[in-house]
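Below is one structure, written out as structure tokens; comments come after it.
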Ligand SMILES: [Cu+2]
């Protein structure tokens, strides 16, 4: 079942290295022996499907339950965020000025030190720009035209010409990303703990603050106060590929360290992370991309934590779990762009060097735009699509240099209103809003009438596809809930007690009501989620433990299965060894 062509191997490597530096930065994490698991609890029980992330496990030695990260605020029996409990102190992640040499993957390209130049004075607190400033409108590269792209190229050239000691130089701007992913920046009051801005609820706000200052530095150097960052809108067919201007070797926007086979006019595969190169026509890839966007933005992202990522507070283990979009297309487009022949898929395919490619900033501009889209433009959802109001999120803060080379402390609270930051997005279509995946006829959705439900005894080793009937919460309980309550909740499949071989790339897919899952085409509605972990070379015989959550409400609606007492779930191994502890369905509300 596994496809192991050389290109898919390259993909796996790329995936591995994208996450490596963040993984390496987790000094307190370890893996457990396969046979015996002395830890009574796992730290990262968060979603892998939507996340695809390697979970961490806290070392059992010196394990302190009170330091366990909160996992989620969902309606099952998970531990809730500590600061929701009366009497517990708030725990925002506050970036300290202390920055140490972070951990880089083997064979990293220089520079090896990513910390910014020290500030002569204490950081100043962020203040909003003058409301009278021109509103910058960020538009797609394929829309803005040559003149605007020439401006962006000139801004990058000007940044590159600044001395490397200048925090506004391209060198230092690229290092910002490195410093925040390698554990270089320390948490205030916790010099033993780094700040990691990936795979948690810090992902969107950190990158927004980063781009805010990058854009203002560019505008200042250009002497053009209205300059707006162009965005790489890979989610619309016209933008699905590296824009030509970035492939011009004579341009400051060119980066020689990219995947050569993905040079224009290659159509990008937003699902690249999962399957390597697919044997599809360009038109099929485009259609599939739109369905991936729909799943990640609409049906799979119905709650704040499903979209923004899992809570991450001071003292927590890093990377509790990303939201749908960070997993894909964010990670997938990073890995798709990086050079797969490099040990770490530089530049874009690995955090420490991603900011060295001038394409990084338009890429993240599009990610940032999707945050606005999720909040403001997705009217089809019945549930709340709003940011967290958790003070630990709002009060988390980062240190970044502004266009005057002043060190600024900016909080998550500061970046929630793009208008106050004086920018907006324009001229971007959302063709995927209607790309709801289709159901597949004839896939034998349920056991034939009268047949007993299959019995799978958990835990089960997933050596072959396993089909299980999972009971939904009792009907009586469902009926008692008001319509309004139902409108706010999401039905979620929780796959618990997952133990995945740490020495291999592990992937399995989750199908709903499709016993003949192999008939479901790429992007089919019945394919509700994918679990994927990355290899840990040298960790053969160890396991990573986690759980996974998959949003079900709309999928069941499309399949006409809302009234059913149970859901037929088929777990299909694709690669690697994995054991499943159990399955359950819960209602989640946030
Ligand atoms: Cu990124």
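Numbering (my numbering), first residue to last: 11 to 600.
All residues carry an ideal CB built from backbone N, CA and C; glycine is no exception.
Beta carbon of residue i nearer than 9 Å to that of residue j
i, j, result
"residue 602", "residue 197", "No answer is possible for residue 602: it lies beyond the span of the chain, which begins at 11 and ends at 600."
"residue 318", "residue 598", "no"
"residue 503", "residue 423", "no"
"residue 159", "residue 253", "yes"
"residue 161", "residue 237", "yes"
"residue 524", "residue 450", "yes"
"residue 581", "residue 590", "yes"
"residue 305", "residue 447", "yes"
"residue 126", "residue 411", "yes"
"residue 416", "residue 184", "no"
"residue 568", "residue 540", "no"
"residue 190", "residue 216", "yes"
"residue 1", "residue 267", "Since the first residue of the chain shown is 11 and the last is 600, residue 1 is not available in this structure."
"residue 521", "residue 530", "yes"
"residue 477", "residue 556", "no"
Cβ separation of residue i and residue j, assumed to be a contact under 8 Å, to the nearest whole Å
i, j, result
"residue 235", "residue 228", "The pair is not a contact, with the Cβ atoms about 11 Å apart (cut-off 8 Å)."
"residue 418", "residue 134", "6 Å"
"residue 210", "residue 332", "7 Å"
"residue 342", "residue 355", "In fact, because the Cβ distance is near 12 Å, the residues do not count as touching under 8 Å."
"residue 360", "residue 116", "Residue 360 to residue 116, Cβ: 11 Å. No contact."
"residue 383", "residue 404", "No, residue 383 and residue 404 are not in contact; Cβ-Cβ is about 21 Å, not under 8 Å."
"residue 330", "residue 321", "7 Å"
"residue 296", "residue 308", "Between residue 308 and residue 296 the Cβ distance is about 18 Å, and since that is not below 8 Å, they are no contact."
"residue 245", "residue 376", "7 Å"
Enclosing beta strand (DSSP E) for residue i [first to last residue]
i, result
"residue 527", "Counting along the chain, residue 527 falls outside any beta strand (DSSP E), and DSSP gives it neither H nor E."
"residue 582", "576-585"
"residue 518", "516-522"
"residue 564", "Careful: residue 564 lies outside any beta strand (DSSP E), inside the alpha helix (DSSP H) at 563-568."
"residue 601", "The structure shown does not extend to residue 601, since the chain is modelled only from 11 through 600, so no value can be given for it."
"residue 201", "200-204"
Same chain, Cβ closer than 6 Å to residue i, neighbours up to 5 away in sequence not counted
i, result
"residue 481", "576"
"residue 257", "273, 274"
"residue 583", "472, 518"
"residue 548", "For residue 548, the predicted structure reports a pLDDT of 40, less than 50, and the residue's modelled location is therefore unreliable. A value from the coordinates is still provided. There are no such residues."
"residue 430", "138"
"residue 203", "197"
"residue 526", "453, 454"
Closest residue to residue i among the options (Cα-Cα distance)
i, options, result
"residue 6", "302, 366, 153, 264", "Because residue 6 is not part of the residues shown, which for the chain are 11 to 600, the question remains open."
"residue 398", "190, 355, 600, 146", "600"
"residue 585", "475, 201, 256", "475"
"residue 101", "326, 126, 593", "326"
"residue 200", "276, 104, 282, 145", "104"
"residue 293", "571, 305, 247", "247"
"residue 588", "506, 420, 562, 107", "506"
"residue 299", "330, 273, 271, 335", "335"
"residue 154", "421, 517, 255", "255"
"residue 233", "471, 306, 498, 165", "165"
"residue 498", "395, 412, 386, 579", "395"
"residue 139", "266, 432, 541", "432"
"residue 262", "351, 276, 368, 216", "368"
"residue 611", "176, 183, 574", "There is simply no residue 611 to check, as the chain begins at 11 and stops at 600 in what is shown."
"residue 141", "339, 113, 288, 428", "428"
"residue 110", "287, 270, 192", "192"
"residue 363", "124, 107, 108", "124"
"residue 535", "265, 414, 516, 571", "571"
"residue 337", "357, 281, 388", "281"
"residue 175", "374, 130, 465, 225", "130"
"residue 452", "441, 440, 528, 259", "528"
"residue 370", "143, 323, 484, 221", "221"
"residue 225", "112, 372, 553, 157", "372"
Same chain, Cβ closer than 7 Å to residue i, neighbours up to 5 away in sequence not counted
i, result
"residue 14", "Annotation note: pLDDT 29 at residue 14 (below 50); position unreliable, coordinate value reported separately. Answer for residue 14: no residue qualifies."
"residue 173", "179"
"residue 310", "60, 316, 334, 561"
"residue 468", "590, 591, 592"
"residue 231", "165, 168, 169"
"residue 251", "274, 275, 276, 277, 278"
Unbroken alpha helix (DSSP H) run spanning residue i, endpoints
i, result
"residue 277", "Run containing residue 277: none; DSSP gives neither H nor E here."
"residue 161", "156-171"
"residue 375", "370-386"
"residue 177", "No alpha helix (DSSP H) contains residue 177, which DSSP labels as neither H nor E."
"residue 297", "292-304"
"residue 402", "401-404"
"residue 232", "213-232"
Cutoff 8 Å; reference residue i; Cβ partners in own chain excluding five residues on either side
i, result
"residue 379", "148, 241, 243, 435, 438"
"residue 500", "312, 313, 316, 393, 561, 562, 563, 597, 598, 599"
"residue 388", "307, 308, 395, 443"
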